[in-house]
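Read through the structure below, which is laid out as structure tokens, and then see the notes.
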Amino acid sequence: MGSLGFSSPLVVAVLCLVLNAALLVNGGKTSSFIRKVEKAIDLPLDADVFQVPPGYNAPQQVHITQGDLVGKAVIVSWVTVDEPGTNTVVYWSENSKQKEQAEGKIYTYKYYNYTSGYIHHCTIRHLEFNTKYYYVVGIGHTERQFWFVTPPEVGPDVPYSFGLIGDLGQSYDSNVTLTHYERNPRKGQTLLFVGDLSYADIYPCHDNNRWDTWGRFVERSAAYQPWIWTAGNHEIDFYPEILIVTASLPTYENGSHLRLP
Numbered sequence: 016m017g018s019l020g021f022s023s024p025l026v027v028a029v030l031c032l033v034l035n036a037a038l039l040v041n042g043g044k045t046s047s048f049i050r051k052v053e054k055a056i057d058l059p060l061d062a063d064v065f066q067v068p069p070g071y072n073a074p075q076q077v078h079i080t081q082g083d084l085v086g087k088a089v090i091v092s093w094v095t096v097d098e099p100g101t102n103t104v105v106y107w108s109e110n111s112k113q114k115e116q117a118e119g120k121i122y123t124y125k126y127y128n129y130t131s132g133y134i135h136h137c138t139i140r141h142l143e144f145n146t147k148y149y150y151v152v153g154i155g156h157t158e159r160q161f162w163f164v165t166p167p168e169v170g171p172d173v174p175y176s177f178g179l180i181g182d183l184g185q186s187y188d189s190n191v192t193l194t195h196y197e198r199n200p201r202k203g204q205t206l207l208f209v210g211d212l213s214y215a216d217i218y219p220c221h222d223n224n225r226w227d228t229w230g231r232f233v234e235r236s237a238a239y240q241p242w243i244w245t246a247g248n249h250e251i252d253f254y255p256e257i258l259i260v261t262a263s264l265p266t267y268e269n270g271s272h273l274r275l276p
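Mind the numbering: the sequence shown is residues 16 to 276 in this note's numbering, read in order.
Encoded structure:
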């Protein structure tokens with residue numbers, strides 16, 4: 016077998032660099048929490064975490080995601096059920112009394128025997144970095160207020176923390192997982208969701224009502240910090256028995272595709 020031509024001092028030097036790099040990027044251990052491996056049992060439809068907010072045409076399933084590549088825009092999404100209502104988002108920074116507003120768009124869709132509510136997407140632009148903003152949806156009917164914090168300006172040495180969740184579903188264990196994330200003292204500023212969201216596809220005809228329950232379930236976090244999504248195999252609606260084969264819904268301005276309303 017021929018020689019690769021590397022000298023021993025060079026190999027040692029490369030190994031030292033690799034080991035040093037590993038030490039520099041060690042993020043530490045944030046928790047000892049381990050989700051149990053037994054088969055999860057889904058929460059019933061009347062579980063408190065699926066509760067519909069009170070009030071006529073109250074916005075539900077409120078969630079935000081990053082709306083551009085640098086962190087100066089946020090996409091606010093929500094669902095109304097009784098009627099379309101307004102697609103306006105009113106927002107302001109915590110250091111200002113000046114309120115701004117942005118206008119969004121409304122969509123609906125049908126899936127087999129399911130008809131969605133009115134799905135709103137509204138992009139808020141020209142935000143300041145590292146600033147807390149309040150926002151209100153449901154203008155004219157039942158108003159609901161939330162908040163978020165924009166990221167710092169991009170730079171080589173800017174600290175920023177991400178949460179990481181995948182395969183969440185909507186089981187009793189899902190509630191434990193999300194609660195653990197919320198209570199972790201090392202708070203994530205944005206959550207990266209690595210696929211397999213609601214597990215609606217495990218139900219007959221991929222019951223899309225289970226997307227609605229999941230949206231209400233995660234609102235307690237997703238309305239207050241950006242959740243950045245990627246699709247998993249459970250987001251592929253391959254159901255030839257009911258003549259449905261689809262894998263995409265809204266296209267966001269940052270280039271992502273998402274099944275969640």
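Just so it is clear, CB atoms sit at the ideal spot from N, CA and C, and this is done for glycine as well.
Tell me which residues share the same chain as residue i and place their Cβ nearer than 6 Å to its Cβ, disregarding the 5 neighbours each side in the sequence.
i    : result
W229 : Q185 and S213
G203 : S176, F177 and G178
Y126 : N223
Y124 : S131
Once the 5 residues before and after residue i are set aside, which same chain residues still bring their CB inside 7 Å of it?
i    : result
W242 : H78, T80, L206 and F208
I217 : none
V85  : V169
E115 : Y106 and W107
F161 : V77, Y150, A238 and Y239
K54  : none
D97  : Y71 and N72
Q113 : W107
Which residues in the same chain have their Cβ closer than 8 Å to the Cβ of residue i, if we skip the five residues on either side of it in sequence?
i    : result
E256 : none
G181 : F208, V209, G210, D211 and G247
N102 : E118, G119, K120, I121, H135 and C137
E143 : K87, S108 and T165
For the beta strand (DSSP E) that contains residue i, what are its first and last residues?
i    : result
F163 : R159 to V164
E115 : E115 to E118
Y187 : Not the beta strand (DSSP E): Y187 falls in the alpha helix (DSSP H), residues Y187 to R198.
H135 : Y133 to I139
G178 : F177 to I180
S92  : V89 to T95
H78  : Q75 to Q81
K147 : K147 to V152
F208 : T205 to F208
Y127 : Y127 -> no beta strand (DSSP E), and no H or E assigned at all.
F253 : D252 to Y254
S108 : T103 to S108
I243 : W242 to W244
Label residue i either buried or exposed according to how many other C-beta atoms from any shown protein chain fall within 10 Å of its C-beta, with 16 as the threshold for buried.
i    : result
D138 : Note on residue identity: the sequence assigns Thr, not Asp, to residue 138. Counting Cβ neighbours within 10 Å, T138 comes out buried, since at least 16 surround it.
I56  : exposed
D227 : buried
Y133 : buried
S297 : Residue 297 cannot be examined here, being either before or after the span of the chain that is shown, 16 to 276.
N145 : exposed
T165 : buried
F253 : exposed
R201 : exposed
D188 : buried
In the DSSP assignment, find the alpha helix (DSSP H) that holds residue i and state where it starts and stops.
i    : result
S236 : N224 to A237
Am I right that residue i and residue j are in contact with their C-beta atoms under 8 Å? What's the rounded C-beta distance?
i    : j    : result
H141 : K120 : Their Cβ separation, rounded to whole angstroms, is 19 Å, which puts H141 and K120 out of contact at 8 Å.
G155 : G70  : The Cβ separation is near 12 Å, so there is no contact.
F65  : R198 : Not quite, the Cβ-Cβ distance comes to about 20 Å (not below 8 Å), so this is no contact.
T157 : A73  : 4 Å
R159 : P68  : 7 Å
Between residue i and the ligand FAD, is the CB less than 8 Å from at least one heavy atom?
i   : result
A88 : No copy of the ligand FAD occurs in the structure displayed, which carries no ligand at all.
With three or more beta-carbon pairs closer than 8 Å as the criterion, would you say the region 192 to 207 touches the region 222 to 241?
These segments touch.
Is it a yes or a no for the region 103 to 119 touching the region 143 to 151, going by three-plus beta-carbon pairs under 8 Å?
Yes, since at least three Cβ pairs between the region 103 to 119 and the region 143 to 151 fall closer than 8 Å, the two stretches touch.
Does the pairing of the region 87 to 97 with the region 171 to 180 give three or more beta-carbon distances under 8 Å?
With the cut-off at 8 Å, the region 87 to 97 and the region 171 to 180 do not touch.
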